[in-house]
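Just add 2 to wherever you are in the sequence shown, counting from 1, and you've got this note's numbering. For reference, the structure is listed below as structure tokens.
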Amino acid sequence: MRISELETPALIIDLDIMERNLRRVADYAHSHDLRLRPHTKTHKIPALARKQMDLGAAGVTVAKVSEAEVMLEAAPADLLIAYPIIGRRKLERLVEVAHKTRLTVGLDSGFAARQLSDAAREGQVEISVLAEADVGLGRVGVSPGEELIALGRHIARLPWLRLEGIMFYPGHIRSAEEEEEKIEELSALVQQMTADWKRAGLPLNIVSGGSTPLLFHSHRVAGLTEIRPGTYIFNDKNTWFGGGCSLEDCAAFLLTTVVSTSRPKQMIIDGGSKTFSSDRLVGSSEVSFGYVVDAPDAVFSKMNEEHGYIDLRNVREEFSVGGRVRIIPNHICVAMNLHEQVYGIRGEEVIETWRVAGRGKLQ
Ligand SMILES: Cc1ncc(COP(=O)(O)O)c(C=O)c1O
């Protein structure tokens with residue numbers, strides 16, 4: 003099938019670009035002796051998780067138990083749930099996953115650790131744990147220092163849990179280029195955390211961090227052993243504008259159709275917040291919802307659920323009803339979660355149709 007035969011709106015992945023992104027990061031991780039455990043919340047497709055592992059990833063990361071259940075289809079040798087899992091029913095399902103593959107869970111409270119230990123005992127399966135530290139985002143994770151050591155000691159005492167080390171998510175650094183100082187602060191903080199941890203006699207097989215904006219600077223974070231980037235497989239306008247990639251590295255776009263040009267200097271496309279998500283550009287006052295590949299000076303200025311408003315005031319290109327427009331979304335991970343299936347292309351040919359098996363898997 004050719005791209006022109008696809009119904010719109012359609013989420014399309016340029017396979018050549020995606021494969022180049024995957025290879026570049028696999029090579030980077032390998033050359034710096036960093037374990038790569040990519041976060042699959044970006045693509046939510048087991049076949050792509052398999053591709054990541056075939057290229058050298060040691061395993062995969064997920065946020066939810068239901069995503070872990072979906073990713074079992076990719077037969078990961080090693081699965082990390084980088085999210086505190088709370089609640090009996092969820093933990094029963096988590097234990098089922100632990101019977102099928104080597105499972106690690108990141109958590110930040112004695113409560114979560116005790117519940118996990120109880121569930122692991124009931125299921126008679128040992129589960130690995132990473133103690134999560136907050137290195138600046140202010141989301142989950144205990145403070146580095148005494149709190150982190152206390153959490154580590156607590157986990158180490160609990161039966162059926164195997165403490166493997168520390169994890170953190172440096173989501174407060176959105177642009178490595180503009181935030182040089184923050185990378186140095188992060189490195190010093192991680193160095194301090196790991197020194198304290200070792201001094202306390204706690205096991206340290208894994209120090210897990212990493213994000214897409216910081217990706218190619220990961221080797222500068224002292225003591226880091228593992229990275230968990232997610233967005234890098236496709237990249238998006240946020241990654242590009244933050245300096246984490248170039249436009250040529252953006253592998254995913256939305257193919258849309260112009261459905262109306264009734265107002266001068268404006269066109270309406272057949273996708274809005276239910277196609278793109280409402281995510282704004284991070285760290286910018288600009289109100290726009292994606293990059294219009296076919297008219298770089300156009301502004302994707304407004305959305306309703308099924309309508310996208312494209313401001314054409316500064317645009318020379320002409321558009322008419324029925325024309326097709328490609329748009330790179332601001333945030334690909336949430337856009338992906340909105341689509342039942344996505345298409346992989348090479349040139350003008352549609353080569354793959356993947357069901358987004360992990361879409362809507364929130365529990
Ligand atoms: C805990 C955790 N690890 C890794 C990632 C991947 O980061 P990125 O999307 O920047 O690749 C995320 C993203 O939200 C995350 O929350």
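Backbone N, C-alpha and C fix where the C-beta goes; we use that ideal spot for every residue, glycine too.
Who does residue i pair with in a DSSP beta bridge?
{"i": "H41", "result": "T63"}
{"i": "E228", "result": "R37 and S210"}
{"i": "F302", "result": "I312"}
{"i": "I271", "result": "V260 and G310"}
{"i": "M169", "result": "E134 and S210"}
{"i": "F255", "result": "I14"}
{"i": "T355", "result": "Y345"}
{"i": "D80", "result": "R104"}
{"i": "G292", "result": "P331"}
{"i": "I129", "result": "L163"}
{"i": "V144", "result": "A135"}
{"i": "R4", "result": "E351"}
Around the Cβ of residue i, are there at least 16 other Cβ atoms within 10 angstroms (buried) or fewer (exposed)?
{"i": "M3", "result": "exposed"}
{"i": "V344", "result": "buried"}
{"i": "P298", "result": "exposed"}
{"i": "D281", "result": "buried"}
{"i": "I341", "result": "The sequence shown places His at residue 341, rather than the Ile named in the question. Classification for H341: buried."}
{"i": "E350", "result": "exposed"}
{"i": "F302", "result": "buried"}
{"i": "E181", "result": "buried"}
{"i": "E134", "result": "buried"}
{"i": "I157", "result": "buried"}
{"i": "N316", "result": "exposed"}
{"i": "G362", "result": "exposed"}
{"i": "G140", "result": "exposed"}
{"i": "K46", "result": "buried"}
{"i": "A265", "result": "Here residue 265 is Arg; the residue named in the question, Ala, does not match the sequence. Exposed, by the Cβ-count rule."}
{"i": "I88", "result": "exposed"}
{"i": "V192", "result": "buried"}
{"i": "A79", "result": "exposed"}
Closest to residue i by CA distance: which of the options is it?
{"i": "N306", "options": "E288, F278 and G325", "result": "F278"}
{"i": "Q126", "options": "S111, E98 and A133", "result": "E98"}
{"i": "S213", "options": "L206, R230, P11 and D56", "result": "R230"}
{"i": "T233", "options": "Q54, D35 and P78", "result": "Q54"}
{"i": "A51", "options": "H34, D35 and M20", "result": "M20"}
{"i": "A65", "options": "A31, I157, L13 and L105", "result": "L105"}
{"i": "L8", "options": "V358, I353 and G362", "result": "I353"}
{"i": "L226", "options": "R22, G167 and D251", "result": "G167"}
{"i": "D272", "options": "L249, E250, K304 and C247", "result": "K304"}
{"i": "V209", "options": "L132, T103 and H309", "result": "L132"}
{"i": "R164", "options": "G211, S130 and V358", "result": "S130"}
{"i": "M338", "options": "N207, T44 and V27", "result": "T44"}
{"i": "L82", "options": "A70, R141 and L314", "result": "A70"}
{"i": "S6", "options": "V192, V295, F321 and L257", "result": "L257"}
{"i": "L206", "options": "A178, M169 and S220", "result": "M169"}
{"i": "R155", "options": "E228, G173 and D110", "result": "D110"}
{"i": "A178", "options": "G325, M195, T63 and F218", "result": "F218"}
{"i": "G360", "options": "H41, H34, V27 and H32", "result": "H41"}
{"i": "G138", "options": "H101, K184 and L96", "result": "K184"}
{"i": "A115", "options": "K102, P172 and R90", "result": "R90"}
Considering just the uninterrupted stretch of the beta strand (DSSP E) at residue i, what are its terminal residues?
{"i": "P331", "result": "R326 to P331"}
{"i": "L109", "result": "R104 to L109"}
{"i": "G125", "result": "Where G125 is concerned, there is no enclosing beta strand (DSSP E), although the alpha helix (DSSP H) it sits in stretches over G112 to G125."}
Give every residue of the same chain whose Cβ lies closer than 6 Å to the Cβ of residue i, excluding the five residues on either side of it in the sequence, and list them in chain order.
{"i": "A202", "result": "I151"}
{"i": "W162", "result": "S119, A122, R123 and E128"}
{"i": "P11", "result": "L256, T258, D272, G273 and T277"}
{"i": "G325", "result": "V260"}
{"i": "G434", "result": "Residue 434 falls outside the range modelled here, since the chain spans only 3 to 365, and no answer is possible."}
In its own chain, which residues sit with a C-beta less than 8 Å from the C-beta of residue i, not counting the 5 before and 5 after it?
{"i": "S189", "result": "R222, V223 and A224"}
{"i": "V336", "result": "S279 and D281"}
{"i": "L92", "result": "The amino acid at residue 92 is misidentified as Leu; the sequence shows Lys. Closer than 8 Å at the Cβ level, and outside the excluded window around K92, lie V67 and Q365."}
{"i": "R25", "result": "L57"}
{"i": "D198", "result": "P146, G147, L150 and I151"}
{"i": "M73", "result": "T42, P48, A51, V62, V64, L81 and G360"}
Excluding the 5 residues preceding and the 5 following residue i in the sequence, name in chain order all residues of the same chain whose CB lies nearer than 7 Å to its CB.
{"i": "R348", "result": "L17 and D18"}
{"i": "H333", "result": "D238, N240, S279 and D281"}
{"i": "V294", "result": "A300, F302, I312, V327 and I329"}
{"i": "V323", "result": "V260, V261, S262 and T263"}
{"i": "A49", "result": "W356"}
{"i": "D251", "result": "I19, N23 and N237"}
{"i": "R176", "result": "P215, G244, V284 and G285"}
{"i": "Y30", "result": "F218"}
Start and end of the alpha helix (DSSP H) containing residue i?
{"i": "I334", "result": "I334 to M338"}
{"i": "D198", "result": "E182 to R201"}
{"i": "A49", "result": "P48 to D56"}
{"i": "N240", "result": "K239 to F243"}
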